[in-house]
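Enquirer:
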Amino acid sequence: MRTKSRTPVTLLFTVALGALTGAGACSAPPASNGYVELSEQLKAPFENGDVAPAIGMKCGTLDCHGNIARNMRIYSQYGLRMALNDTPGGMPITPFEVDADYRSVSGLEPEIMDQVIADGGANPERLTLIRKARGTEHHKGGAVVQVGDPMDTCLTTWLTGSPNKDACDQAAQPPAWQ
Amino acid sequence: MSRAIGWMLAVGVCALAASCLSCGSPVHDQQVAEMGPEPPGEHPGPLHRAGQPCLVCHGWLGPSHTEFAVAGTVYKAINDKTGVDGAIVIFTTPDQNSIAVQTNAVGNFYVVKDRWPLSFPYQVQVQYPKLPNNMKMASPISRDGACNDCHADPAGPARFGHIYLVADVADFPQ
Numbered sequence: 006m007r008t009k010s011r012t013p014v015t016l017l018f019t020v021a022l023g024a025l026t027g028a029g030a031c032s033a034p035p036a037s038n039g040y041v042e043l044s045e046q047l048k049a050p051f052e053n054g055d056v057a058p059a060i061g062m063k064c065g066t067l068d069c070h071g072n073i074a075r076n077m078r079i080y081s082q083y084g085l086r087m088a089l090n091d092t093p094g095g096m097p098i099t100p101f102e103v104d105a106d107y108r109s110v111s112g113l114e115p116e117i118m119d120q121v122i123a124d125g126g127a128n129p130e131r132l133t134l135i136r137k138a139r140g141t142e143h144h145k146g147g148a149v150v151q152v153g154d155p156m157d158t159c160l161t162t163w164l165t166g167s168p169n170k171d172a173c174d175q176a177a178q179p180p181a182w183q
Numbered sequence: 128m129s130r131a132i133g134w135m136l137a138v139g140v141c142a143l144a145a146s147c148l149s150c151g152s153p154v155h156d157q158q159v160a161e162m163g164p165e166p167p168g169e170h171p172g173p174l175h176r177a178g179q180p181c182l183v184c185h186g187w188l189g190p191s192h193t194e195f196a197v198a199g200t201v202y203k204a205i206n207d208k209t210g211v212d213g214a215i216v217i218f219t220t221p222d223q224n225s226i227a228v229q230t231n232a233v234g235n236f237y238v239v240k241d242r243w244p245l246s247f248p249y250q251v252q253v254q255y256p257k258l259p260n261n262m263k264m265a266s267p268i269s270r271d272g273a274c275n276d277c278h279a280d281p282a283g284p285a286r287f288g289h290i291y292l293v294a295d296v297a298d299f300p301q
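Protein chains in written order, with this note's numbering: chain A, 6 to 183; chain B, 128 to 301.
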């Protein structure tokens with residue numbers, strides 16, 4: 006009699022254990038909810054148009070990140086355009102393009118970017134964005150900024166939440182090498 | 128028996144070698160195919176295929192044996208695609224190194240890779256002796272010397288349209 010009653014108990018225990026394991030496997034992601042909510046102080050300067058034109062000029066040429074086949078796609082006035090009736094060199098960068106650029110840049114390493122912002126912009130080279138731009142990590146386009154130059158200043162001060170507008174404006178100008 | 132094994136090995140090695148030699152880029156192969164045959168009356172040389180993306184064939188994947196560092200075509204105006212002979216295309220790097228190349232009878236210009244002294248990025252301007260101002264490109268070139276890739280027609284979200292010296296051909300000096 007006892008032998009007969011053990012079978013359902015064992016079965017029930019097994020099913021319960023299985024259900025518990027399954028439930029655990031399907032539980033909600035960790036405390037971050039699976040996404041990073043970046044500080045508004047990062048986005049606002051983009052929306053204000055302080056940073057995007059500089060990134061567009063330095064990174065977004067049609068043969069680099071202004072190419073639809075490349076990662077970190079960048080839209081800009083002199084590069085790739087979003088509207089089908091617009092052309093490079095046409096109207097100034099639009100809010101839609103600015104928003105797309107923000108998503109491209111901030112979506113690369115949002116967790117690390119969040120940490121950099123939390124640290125007041127300290128050690129920005131934690132970001133691939135900065136290492137690639139400075140050429141300290143392999144970058145097909147080479148070192149497009151030098152530490153402390155206007156573009157580097159624009160990027161690193163943006164990560165503090167207060168971009169240096171003068172530096173960004175300067176970096177957004179067509180190069181005056183000639 | 129050992130002879131048969133030897134033959135099998137030889138065939139296997141040949142097959143492996145052949146497969147490695149055919150390891151091209153299907154994307155590049157398609158780009159070359161899309162260029163089509165030479166236009167009627169043209170032959171491979173400095174005057175052929177004006178306006179086409181030169182480095183598709185003159186890049187490191189061939190099929191041309193002459194590899195270019197930069198190449199393109201200069202036209203008179205937005206509304207006149209006549210090639211300009213004698214325009215000077217000047218490439219300048221941030222450290223002020225520069226190189227100049229002259230366009231030929233159909234507006235083509237090119238520099239072969241072995242003679243190219245500059246490294247990216249560089250900016251470009253086009254000088255024409257009869258025009259008072261040089262035509263300057265607003266954005267730098269960062270990694271692609273194939274000018275006609277971006278300067279292709281029709282102009283659109285990812286294309287500037289062809290390289291030109293004046294907006295309206297009526298302003299082009301005689």
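All C-beta atoms in this analysis are idealised placements derived from N, C-alpha and C, irrespective of residue type, glycine included.
#1: What are the start and end residues of the alpha helix (DSSP H) that includes Tyr107 (chain A)?
#2: Mark Lys145 (chain A) as exposed unless 16 or more other C-beta atoms lie within 10 angstroms of its C-beta, in which case mark it buried.
#3: Could you tell me which of B:Gly168, B:Gly210, B:Tyr249 sits nearest to Lys63 (chain A), measuring between CA atoms?
#4: Would you identify the three-state DSSP class for Thr200 (chain B), choosing helix, strand or coil?
#5: So the candidates are B:Lys257, B:Pro281, B:Asp212, B:Tyr291; which of them puts its Cα closest to the Cα of Val251 (chain B)?
#6: Using the three-state DSSP reduction, which class does Lys240 (chain B) fall into: helix, strand or coil?
#7: With 9 Å as the C-beta to C-beta threshold (strictly closer), list the residues of the segment 233-261 of chain B near chain A in chain order.
#8: Since Ala148 (chain A) and Arg139 (chain A) are thought to touch, with beta carbons under 8 Å apart, how far apart are those beta carbons, to the nearest angstrom?
#9: Give the residues of chain B in contact with Met87 (chain A), contact being defined as C-beta atoms less than 9 Å apart.
#10: Would DSSP call Val56 (chain A) helix, strand or coil?
#11: In or out: Pro259 (chain B) buried (at least 16 other Cβ within 10 Å) or exposed?
#12: Can you list, in chain order, the residues of its chain whose CB lies under 7 Å from that of Ala207 (chain A), leaving out five sequence neighbours each side?
#13: Spell out whether any CB of chain B is found under 8 Å from the CB atom of Lys48 (chain A).
#14: Pull up the distance between the alpha-carbon of Phe51 (chain A) and that of Thr133 (chain A), whole angstroms please.
#15: Under a CB-based cut-off of 8 Å, is Pro58 (chain A) close to chain B?
#16: Just mark Asn76 (chain A) as buried or exposed, buried being the case when its beta carbon has 16 or more other beta carbons within 10 Å.
#17: Taking only the alpha-carbon atoms, compute the straight-line gap between Ser32 (chain A) and Tyr40 (chain A) and give it to the nearest angstrom.
#18: So which residues on chain B does Leu67 (chain A) lean against when the C-beta distance must stay under 7 Å?
Expert: Reading it off the structure:
#1: Reading the first sequence from its first residue, position 102 is the one you call residue 107 (chain A). Note, Tyr107 (chain A): alpha helix (DSSP H), 100-111.
#2: Position 140 of the first sequence holds residue 145 (chain A). Lys145 (chain A) comes out exposed.
#3: As a first step, residue 63 (chain A) must be located in the first sequence, where it is residue number 58. Answer by Cα proximity: B:Tyr249.
#4: Locating residue 200 (chain B) in the second sequence gives position 73, counting from the first residue. Thr200 (chain B): strand per DSSP, three-state reduction.
#5: Position 124 of the second sequence, counted from the start, is the residue given in the question as residue 251 (chain B). Closest by alpha carbon: B:Tyr291.
#6: Sequence index remark: in the second sequence, residue 240 (chain B) carries index 113 (1-based). It is helical.
#7: Ser246, Phe247, Pro248, Tyr249, Gln250, Val251, Gln252, Asn261
#8: The residue given as residue 148 (chain A) occupies position 143 in the first sequence. The residue given as residue 139 (chain A) occupies position 134 in the first sequence. At roughly 6 Å, the Cβ-Cβ gap stays under 8 Å, so Ala148 (chain A) and Arg139 (chain A) are in contact.
#9: For this step, residue 87 (chain A) is matched to residue 82 along the first sequence. The contacting residues are Pro284.
#10: The count along the first sequence starts at 1 and reaches residue 56 (chain A) at position 51. Residue state, collapsed to three classes: coil.
#11: The count along the second sequence starts at 1 and reaches residue 259 (chain B) at position 132. Exposed.
#12: Residue 207 (chain A) lies beyond the stretch modelled for chain A, which goes from 6 to 183, so this question has no answer here.
#13: Reading the first sequence from its first residue, position 43 is the one you call residue 48 (chain A). Cβ-Cβ to chain B under 8 Å: no for Lys48 (chain A).
#14: Here residue 51 (chain A) is taken as the residue at index 46 of the first sequence, counted from 1. Here residue 133 (chain A) is taken as the residue at index 128 of the first sequence, counted from 1. So the alpha carbons of these two residues sit roughly 19 Å apart.
#15: The residue you call residue 58 (chain A) lines up with position 53 of the first sequence. It does not: the Cβ of Pro58 (chain A) has no partner Cβ on chain B nearer than 8 Å.
#16: Translated into positions along the first sequence, residue 76 (chain A) becomes position 71. Asn76 (chain A) comes out exposed.
#17: Numbered from 1 along the first sequence, position 27 holds the residue referred to as residue 32 (chain A). Numbered from 1 along the first sequence, position 35 holds the residue referred to as residue 40 (chain A). Bear in mind that the predicted position of Ser32 (chain A) carries a pLDDT of just 47, short of 50, making it unreliable; the figure below should be weighed with that in mind. Distance between the alpha carbons of Ser32 (chain A) and Tyr40 (chain A) is about 16 Å.
#18: Position 62 of the first sequence, counting from 1, holds the residue named residue 67 (chain A). Residues of chain B passing the Cβ test: Cys277, Ala285.
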